[in-house]
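**Q** Top line first, the protein sequences correspond to chains A and B. When we follow the numbering used here, the leftmost residue of the first sequence carries the number 97, and every step to the right adds one. When we follow the numbering used here, the leftmost residue of the second sequence carries the number 97, and every step to the right adds one. Here a beta-carbon is modelled for each residue, glycine too, at the ideal position from N, C-alpha and C. Take a look at the following structure, please.
There are 2 protein chains.
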Amino acid sequence: MTAKHTTQNRNVTLADVARLAGVSAKTVSRVINQSDYVSAETRAQIEKAIEELGYRPNRVARSLASNRSYIIGLSLPDVTNPFFPEILRGVQQEALQRGYHVLTYNTDLDMEREKQGLALLEEMRVDGIIVCTMRLPDDQLRPLLQRHRAVVLVNRVLAGNEAGIVRIDYFKAMQQIVQHLVDGGRRKIGYLDVSRSVASYSSTERFGGFQAAMAANGLTVNPDYIRRCAATIEGSSEAARDLLTASPELDAIICYNDVIAGGTLEACAALGVAVPDKVAVTGFDNIMFSSVFKVALTTAHVPRFELGIRAAQMLFNRIDGDTTVREMLLDTELFVRQSTPH
Amino acid sequence: MTAKHTTQNRNVTLADVARLAGVSAKTVSRVINQSDYVSAETRAQIEKAIEELGYRPNRVARSLASNRSYIIGLSLPDVTNPFFPEILRGVQQEALQRGYHVLTYNTDLDMEREKQGLALLEEMRVDGIIVCTMRLPDDQLRPLLQRHRAVVLVNRVLAGNEAGIVRIDYFKAMQQIVQHLVDGGRRKIGYLDVSRSVASYSSTERFGGFQAAMAANGLTVNPDYIRRCAATIEGSSEAARDLLTASPELDAIICYNDVIAGGTLEACAALGVAVPDKVAVTGFDNIMFSSVFKVALTTAHVPRFELGIRAAQMLFNRIDGDTTVREMLLDTELFVRQSTPH
DNA sequence: ATGAAAGCGCTAACAC
DNA sequence: GTGTTAGCGCTTTCAT
């Protein structure tokens, strides 16, 4: 019985509503889209019919007919990384305010899936997409984006392209971190980077800021002090252990992000290395948990929620045909906690 | 120029491909759906035409015509909570294997959004949905689910409904935690619960297991030892401080989940309370960071990835008309770390 | 193995 | 203010 009821609803169509209300399909359409003036009387008729039949508009048909979905796509590399969910929340807040919905596609750090996701979103004819991608090389990404009506890229630069860009000034943020450590008396500074097949905007900028600030302080970047690892607790813990064992003279380790810093703190604890007395440790991002790590983490706070909002605003401007703002740069804030001298 | 190219692609249709390949629309359809045998020769023709025109099928049209989307919806309450992204990954892995895509809707712990999300997914005519909901009361949830073709509920029971259910045995898991603490000599055990407008499956079962195990060990549950707080570091930290100040005799605090345990550890540190020597602390879920908290956390590992896989499998069975398995119960595993005596 | 015609449920562009 | 006529781009019958 329940099942039958379900099936019934499924087939209720705009025409059914029109018939019951004694009006034309178009008038019903006007009501559900609030697109045009309908007399209060007919409107009431129609709303009653909708209620009675349990009618729900079919977005698929609407989308096909109007070539407009009021849905935007969001491609995320890894929802498991606490960095990204906050972006989603920002995007969603802005979208809902404008009557759009957000559909998220998780690419799981896989290039193939990234392509699949962008293709799917295209096949669904979403009105625009916000893309957080790390892996896909420029020349593979570009044609995929080209096929979309409106695109905003997050933390990625891409030349020869129509896409809008919202990004964080990672370079400057990392310079601040280095300066903070140097001001705290540290000189032998290691760097635990994330391993990547392709250099990403994030890793390039962060490492670039590190190098620049080291040079500005007359410090040399010792290649032995640099390690790469997976952005997981296990991977970074192991890498940090290696690094600290090979170079016990280190007095600071800068980590690509908070997750890697978490692993580094674990390694320090395991080796009996005091943080920050012997070695200072810094993270990046300021994820939710960085304050409850073994040692509360000094880190660069990345305004992820705001990043999502800005990206969405830029996308909606583009959907509405306004492409004047091409790029947007947001600042971070240094959060000093217990893992560095201060 | 780029824009023109984009516009061109957008309008390439199956009919265009058919025309160029010199076949009928239906034959092209057969090729892109691999639904029927087509001679190798014509297939090659068609593939060449597709390539040449840069054709991409329009899912919207396909979905309207076939009443099938090959998309499943996943409704999550809060992607920011590290509990949920892993479920998404499991669902997605299973879905991609079967040629489906997953669209995620984040409800942000808001009842209205939860309703909106389920309605949106219905309007999109997805083939089925997996719902992780906490807030929506039974009688509001039921009619919304009824309108969907196939439904699987995660960690929620709901009577009088066609939906499949996959859940975790939280009751038993919490019993194990209590037993572990009692075996470690603890008797004055507090409980830091999550605050909710409505009692959820998770909170009810976890607290129920706590009560049952306390009783089984001849221990009374002191109402003063129970607090509720938001599932954030800040909220739980404050609540834990209150609890420890009001009841300094406590020798253990059981937390609803790892996030709350994280705040509790912070409170202990701030108050100079030794963990686990003075007070043992337990979490729940085993999120990625629970091992790098101030004190490595003893917690119940919830197999979230597998949960996602099972939920997806159950959903696909239902989509295929097989509803024999109505419910599925998964076990947790106790991870003993430094925050409890052992 | 392939094609023709009809229609999925809606909106656009004009009527009136 | 409201209705009519065509499609949107695809998949379904059913033919052949």
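Curious, which full-length alpha helix (DSSP H) runs of at least 4 residues does the stretch 237-281 of chain A contain?
**A** 266-279
**Q** Once the 5 residues before and after G195 of chain B are set aside, which same chain residues still bring their CB inside 7 Å of it?
**A** Looking up residue 195 of chain B in the second sequence gives position 99. If the five residues before and after G195 of chain B are omitted, its C-beta is found closer than 7 Å to the C-beta atoms of Y166, all from its own chain and listed in chain order.
**Q** Would you decide whether S120 of chain A is buried or exposed? Buried here means 16 or more other CB atoms lie within 10 Å of its CB.
**A** By one-based count along the first sequence, residue 120 of chain A stands at place 24. Exposed: under 16 other Cβ atoms inside 10 Å.
**Q** Using a C-beta to C-beta distance shorter than 7 Å, which residues of chain A count as neighbours of S159 of chain B?
**A** Residue 159 of chain B sits at position 63 when you count from the first residue of the second sequence. Here the neighbours are V156.
**Q** Measuring only the C-alpha atoms, how far is M220 of chain B from R245 of chain B?
**A** Taking the second sequence and counting its residues from 1, one reaches residue 220 of chain B at position 124. Taking the second sequence and counting its residues from 1, one reaches residue 245 of chain B at position 149. Straight-line Cα distance between these residues: approximately 12 Å.
**Q** Taking 8 Å as the threshold (C-beta atoms), are V375 of chain B and D338 of chain B in contact?
**A** Counted from its first residue, the second sequence places residue 338 of chain B at position 242. Counted from its first residue, the second sequence places residue 375 of chain B at position 279. Not a contact, by the Cβ cut-off of 8 Å.
**Q** Opposite I225 of chain A in the DSSP bridges: which residues?
**A** Here residue 225 of chain A refers to the residue found at position 129 when the first sequence is read from its first residue. According to DSSP, I225 of chain A bridges with A:G169 and A:V247.
**Q** If we call anything under 8 Å between Cβ atoms a contact, is L184 of chain B one with V175 of chain A?
**A** Reading the second sequence from its first residue, position 88 is the one you call residue 184 of chain B. Reading the first sequence from its first residue, position 79 is the one you call residue 175 of chain A. Contact: yes.
**Q** Would you please state the rounded distance, in angstroms, between the beta carbons of F179 of chain B and R400 of chain B? I believe it to be under 8 Å.
**A** Stepping through the second sequence from its first residue, residue 179 of chain B is reached at position 83. Stepping through the second sequence from its first residue, residue 400 of chain B is reached at position 304. Going by Cβ atoms, the distance from F179 of chain B to R400 of chain B rounds to 6 Å, so yes, they are a contact pair.
**Q** What residues of chain B sit near R292 of chain A, judged by a beta carbon separation below 9 Å?
**A** Locating residue 292 of chain A in the first sequence gives position 196, counting from the first residue. Within chain B, no residue comes near R292 of chain A; the closest Cβ sits about 20 Å away, beyond 9 Å.
**Q** How about D204 of chain A: is its C-beta nearer than 8 Å to some C-beta of chain B?
**A** By one-based count along the first sequence, residue 204 of chain A stands at place 108. Answer yes: the Cβ-Cβ gap between D204 of chain A and chain B drops below 8 Å somewhere.
**Q** Does the beta carbon of F306 of chain A come closer than 8 Å to any beta carbon on chain B?
**A** Residue mapping note: residue 306 of chain A aligns to position 210 of the first sequence, counting from 1. Chain B contact via Cβ: absent.
**Q** Mind pulling the chain A residues with CB within less than 9 Å of K390 of chain B?
**A** Residue 390 of chain B sits at position 294 when you count from the first residue of the second sequence. Those within 9 Å of K390 of chain B in chain A are V388, F389, K390, V391 and A392.
**Q** First and last residue of the beta strand (DSSP E) that includes Y352 of chain B?
**A** Here residue 352 of chain B refers to the residue found at position 256 of the second sequence. It is not in any beta strand (DSSP E) - Y352 of chain B carries neither H nor E in the DSSP assignment.
**Q** At least one CB of chain B closer than 8 Å to the CB of I261 of chain A: is that the case?
**A** For this step, residue 261 of chain A is matched to residue 165 along the first sequence. Cβ-Cβ to chain B under 8 Å: no for I261 of chain A.
**Q** When DSSP labels each residue in this structure, what does N313 of chain A get in the three-state scheme?
**A** On the first sequence, residue 313 of chain A is found 217 positions in, with the first residue counted as 1. Three-state DSSP puts N313 of chain A in coil, outside helix and strand.
**Q** What separation, rounded to the nearest whole angstrom, lies between the Cα atoms of E143 of chain B and Q242 of chain A?
**A** Counting from 1 along the second sequence, the entry for residue 143 of chain B is found at position 47. Counting from 1 along the first sequence, the entry for residue 242 of chain A is found at position 146. Distance between the alpha carbons of E143 of chain B and Q242 of chain A: 21 Å.
**Q** With a CB to CB cut of under 8 Å and the five nearest residues on each side skipped, what residues in its chain are close to E148 of chain B?
**A** Sequence index remark: in the second sequence, residue 148 of chain B carries index 52 (1-based). The answer, listed in chain order, is L116.
**Q** Anything in chain A within Cβ reach of G358 of chain B, meaning under 7 Å, just list it in chain order.
**A** Walking along the second sequence from the start, residue 358 of chain B turns up at place 262. Those within 7 Å of G358 of chain B in chain A are F385 and V388.
**Q** Between which two residues does the alpha helix (DSSP H) holding R283 of chain B run?
**A** Along the second sequence, one-based indexing puts residue 283 of chain B at 187. First-last for R283 of chain B: undefined, no H or E at that position.
**Q** Whole-angstrom Cβ separation of T436 of chain B and H197 of chain B, contact assumed at under 8 Å?
**A** Numbered from its first residue, the second sequence carries residue 436 of chain B at position 340. Numbered from its first residue, the second sequence carries residue 197 of chain B at position 101. With a Cβ gap of about 42 Å, T436 of chain B and H197 of chain B do not count as contacting.
**Q** Does DSSP put M220 of chain B in a helix, in a strand, or in coil?
**A** In the second sequence, residue 220 of chain B corresponds to position 124, counting from 1. M220 of chain B falls in the coil class under three-state DSSP.
**Q** Please report the residue range of the beta strand (DSSP E) in which I383 of chain B lies.
**A** Looking up residue 383 of chain B in the second sequence gives position 287. Neither: I383 of chain B is in no beta strand (DSSP E) and is coded neither H nor E.
**Q** Would you kindly report the start and end of the unbroken alpha helix (DSSP H) that includes M410 of chain A?
**A** Looking up residue 410 of chain A in the first sequence gives position 314. R400 to I415 is the extent of the alpha helix (DSSP H) around M410 of chain A.
**Q** Rounded to a whole number of angstroms, what is the C-alpha to C-alpha distance between E362 of chain A and Y321 of chain A?
**A** As a first step, residue 362 of chain A must be located in the first sequence, where it is residue number 266. As a first step, residue 321 of chain A must be located in the first sequence, where it is residue number 225. Cα-Cα distance, rounded: 18 Å.
**Q** Using only CA atoms, which one of A:Q271, A:I350 and A:V124 lies nearest to Y151 of chain A?
**A** As a first step, residue 151 of chain A is located in the first sequence; it is residue number 55 there, counting from the start. Out of A:Q271, A:I350 and A:V124, A:V124 has the C-alpha closest to the C-alpha of Y151 of chain A.
**Q** Going by the CB atoms, is the gap between V262 of chain A and M424 of chain A shorter than 8 Å?
**A** Along the first sequence, read from residue 1 onward, the residue named residue 424 of chain A stands at position 328. Along the first sequence, read from residue 1 onward, the residue named residue 262 of chain A stands at position 166. Cβ distance < 8 Å, so M424 of chain A and V262 of chain A count as in contact.
**Q** So is Q193 of chain A in contact with chain B if we call contact Cβ pairs under 8 Å?
**A** Within the first sequence, numbered from 1, the residue matching residue 193 of chain A stands at position 97. Taking Cβ atoms only, chain B never reaches closer than 8 Å to Q193 of chain A, which makes this a no.
**Q** Which runs of the alpha helix (DSSP H), 4 residues or longer, sit entirely within the stretch 111-184 of chain A?
**A** 121-129, 136-149 and 155-162
**Q** In chain order, what residues of the same chain lie with their CB nearer than 7 Å to the CB of R139 of chain A, ignoring the 5 residues before and after it?
**A** As a working mapping, residue 139 of chain A is identified with position 43 in the first sequence. Excluding residues within five positions, the ones whose Cβ falls inside 7 Å are V127.
**Q** Counting only C-beta atoms, is Q130 of chain A closer than 8 Å to chain B at any point?
**A** By 1-based counting over the first sequence, the position of residue 130 of chain A is 34. By this cut-off, Q130 of chain A is not an interface position.
**Q** Nearest-angstrom Cα distance between V377 of chain B and G359 of chain B?
**A** To locate residue 377 of chain B, count along the second sequence from 1; it is residue 281. To locate residue 359 of chain B, count along the second sequence from 1; it is residue 263. Going from the Cα of V377 of chain B to the Cα of G359 of chain B covers about 11 Å.
**Q** State buried or exposed for Q130 of chain A, treating a residue as buried only when at least 16 other CB atoms are found within 10 Å of its CB.
**A** Translated into positions along the first sequence, residue 130 of chain A becomes position 34. By the 10 Å Cβ count, Q130 of chain A comes out exposed.
**Q** Under a Cβ-count criterion, where at least 16 other Cβ atoms within 10 Å of its own Cβ denotes burial, should Y266 of chain B be classed as buried or exposed?
**A** As a first step, residue 266 of chain B is located in the second sequence; it is residue number 170 there, counting from the start. With 16 or more other Cβ atoms within 10 Å, it is buried.
**Q** Under a three-way DSSP split, which group does R302 of chain B fall into?
**A** As a working note, residue 302 of chain B is residue 206 in the second sequence. Reduced to three states, the DSSP call for R302 of chain B is helix.
**Q** Taking only beta-carbon positions, decide if E143 of chain B is within less than 8 Å of chain A.
**A** Here residue 143 of chain B refers to the residue found at position 47 when the second sequence is read from its first residue. No - not a single Cβ of chain A is within 8 Å of the one on E143 of chain B.
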